[in-house]
Amino acid sequence: MMVAVAACISQLKWLWFLRPRALSDFESFDMASRGPWGSIVVLCRAFRYFRSLVIVAALVTVLSSATGPFLQQIISISPKPDPSATGVATTQRAQMYDEGEDNAQFGGGVRSGPGLRTKAAVYRGIFTDEVPAFQPFCSTGNCTFPLFDSLAMCSKCLNVTDDTRRLGDQGTKLPEKSGHWDLNLTYSLPGDTEVDVRTRYFDDSLQHGPALLSTSSVSTTMSKSTLGISNPMLALAIMQFPGVDRDGYSGNYLKETPVVYECALYFCVQTYNLTVVDGKTRTEVVSTWYNETDPVLDLGDNWHRYLERPTDQPTPEAPEGGDSTFVVVGGTFNTILWYLGKTLNGTALSRTAVVGDDEEEVDDVLEALKRSQDIPALFGNLTTSLSTRIREMSVGAENGEITGDALAMVPHVRIRWQWLSLPALVMALSSVLLVATAMATKRSGLPVWKNSSLAVLFHGLGSDPGADGGDLSGHRSRASEMNREADGRTVMLRRGEGGWKLGSGSL
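According to the numbering used here, the sequence shown is numbered sequentially starting from 1.
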């Protein structure tokens, strides 16, 4: 392409001199035909050559020097994941939760509670900041899965400190008493719930009192009115007294404003968007729903708990044989309710509490609740851990397996059309230049000399005035005629009175 542009510049040189022009223009055109630097010189003198197409030719020459990087950017090759015919991607969904317990244990005898792994899931959720997600099987390290539903455990907690009131008018100063005396307080929480706090002092020194109190003895309307959760499995009121725990023996419950949370634990169904990228699992909960109308089950009840997806909720595609009905076996429901109630109910004493001659063992779960500065996050970890355990128990169960796409990295070639703009512009201008130069040459009747050196010698400034110079001028206008004539001519560069001249010579 640039060969044609250079030829056009050389031909435009002859067209330029069809009228009287400065001899230095001959050199300018010749330099422009050799490359970008000469073309830049011509463009800097655009006011001088604006009547010639050489401006367009010089612009094309300069722009063409930038087409290389543009052409390199047109094709982009990058590895992207594509479904692999040999890869395997599977994960689990839980449509039923069954610990394998029946309700006979609630009639008397030893209550063992749920399985050890379920208990471990409870402790893992309470004692760790990050709960590991359920790990799918992905043979290639990059997998995608369709949206799917799974039975899960959910929680909701709300800080109701600002809406909590202490009943009575004890003021903020401890009464002046000697010996042992009791200070009993009652707090009113949102949702028609009252919580009693019992403390003991010796003179003005705190001897026994809670740094944390967690109780499920709340009104049946608390969860619905405060949290918007009807019929939860377990509702709790949690009160923290960090100031009392910090002050030790000088702790004053009358001055202390407790940090109060109301929480609910309930079974739900979650829709998951699961992907594996570079071996790392990413689990996103797209939506969550639960059965608001299902009644609370009493201990010893053999009913199963059913969760039916509402008709106005979009249903992800279920595996073959699966449906949108999820079941918590009655015995399992009662077992997990009893165990969580036993685990999360209780009091963590202040650090200076006096318990008599015997040492009182610290309950680790209640200690974790006492120290937690983010109760909603703690309960979120607890329910996430239990949800993972529920899915683990569905391994091998009917309708429990979800199949996804295992992706393999495959090179993808992409054409970035925007990088074709400059090469296309240069090509278009070159084509226009070539056609315009050819038409101008035809109209002028000028021979197609282009960059021929013989044309300069045969049709130069006139006869050679140098000594022994001879005359190279003539009527030969075609390049072929000049070539034949040049084959029969002998020339020599001599230094005469006028300086160096190229004239006739003999071998």
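Note that the Cβ used here is the ideal one computed from N, Cα and C, for glycine as well.
Roughly how far, in whole angstroms, is the beta-carbon of residue i from the beta-carbon of residue j, given that I think they are within contact range, below 8 Å?
i, j, result
"residue 93", "residue 149", "7 Å"
"residue 195", "residue 237", "6 Å"
"residue 213", "residue 262", "Going by Cβ atoms, the distance from residue 213 to residue 262 rounds to 13 Å, so no, they are not a contact pair."
"residue 164", "residue 192", "With 8 Å as the limit, residue 164 and residue 192 do not qualify as a contact, their Cβ atoms being about 13 Å apart."
"residue 281", "residue 136", "7 Å"
Hey, out of the options, whose CA is closest to residue i's CA?
i, options, result
"residue 416", "72, 442 and 429", "72"
"residue 376", "265, 48 and 284", "265"
"residue 539", "419, 445 and 430", "Because the chain here runs from 1 to 507, residue 539 falls outside it and cannot be looked at."
"residue 440", "3, 1, 8 and 2", "8"
"residue 346", "362, 76 and 42", "362"
"residue 273", "147, 75 and 21", "147"
"residue 404", "145, 112, 451 and 117", "145"
"residue 449", "1, 372, 15 and 5", "15"
"residue 117", "287, 427, 386 and 338", "386"
"residue 458", "478, 444, 222 and 397", "478"
"residue 181", "32, 203 and 373", "203"
"residue 508", "62, 223, 183 and 28", "Coverage of the chain is limited to positions 1 through 507, which leaves residue 508 absent and any answer about it impossible."
"residue 412", "79, 197, 35 and 445", "79"
"residue 215", "39, 395, 201 and 197", "197"
"residue 209", "183, 234 and 418", "183"
"residue 235", "393, 337, 278 and 162", "337"
"residue 373", "456, 292, 304 and 258", "258"
Just to confirm, is the Cβ distance from residue i to residue j under 9 Å?
i, j, result
"residue 133", "residue 270", "no"
"residue 256", "residue 248", "no"
"residue 276", "residue 126", "no"
"residue 250", "residue 185", "no"
"residue 3", "residue 433", "no"
"residue 330", "residue 95", "no"
"residue 325", "residue 253", "no"
"residue 339", "residue 113", "yes"
"residue 382", "residue 155", "yes"
"residue 384", "residue 131", "yes"
"residue 143", "residue 89", "yes"
"residue 187", "residue 174", "no"
"residue 40", "residue 60", "no"
"residue 483", "residue 454", "yes"
Beta-carbon within less than 7 Å of residue i's beta-carbon, same chain only, minus the 5 sequence neighbours each way: which residues are those?
i, result
"residue 82", "407, 408 and 410"
"residue 76", "414 and 416"
"residue 389", "117, 118 and 121"
"residue 437", "8, 11, 12 and 53"
"residue 367", "348"
"residue 444", "15 and 18"
"residue 36", "61, 62 and 65"
"residue 420", "74"
What residues in its chain sit with their C-beta under 8 Å from that of residue i, if we drop five residues either side in the sequence?
i, result
"residue 211", "240, 241, 242, 244, 245, 348, 349, 350, 351 and 370"
"residue 67", "422, 423 and 426"
"residue 19", "none"
"residue 225", "190, 191 and 192"
"residue 509", "Since the first residue of the chain shown is 1 and the last is 507, residue 509 is not available in this structure."
"residue 171", "254"
Might you give, ordered along the chain, the residues of its own chain that have their beta carbon closer than 6 Å to the beta carbon of residue i, omitting 5 neighbours on each side?
i, result
"residue 87", "139, 140 and 406"
"residue 296", "Confidence at residue 296 is low in this model, with a pLDDT of 48, below 50, so its placement is unreliable and the value that follows should be read with caution. The residues are 231."
"residue 10", "33, 450 and 451"
"residue 97", "151, 328, 332 and 390"
"residue 64", "2 and 426"
"residue 157", "261, 263, 375, 376 and 379"
"residue 321", "Caution is warranted here: a pLDDT of 46 is assigned to residue 321, below 50, making its placement in the model unreliable, and the coordinate value is therefore given only provisionally. 399, listed in sequence order."
"residue 298", "The pLDDT assigned to residue 298 is 44, lower than 50, so where the model puts this residue is not dependable; a value taken from the coordinates is nonetheless given after this. Excluding residues within five positions, none has a Cβ falling inside 6 Å."
"residue 179", "none"
Check whether the Cβ of residue i lies closer than 8 Å to any heavy atom of the ligand PLP, and answer yes or no.
i, result
"residue 212", "Ligands are entirely absent from the displayed structure, and the ligand PLP is therefore not among its contents."
Establish whether the CB of residue i and some CB of chain E are separated by less than 9 Å.
i, result
"residue 274", "The structure shown contains no chain E, having only a single protein chain."
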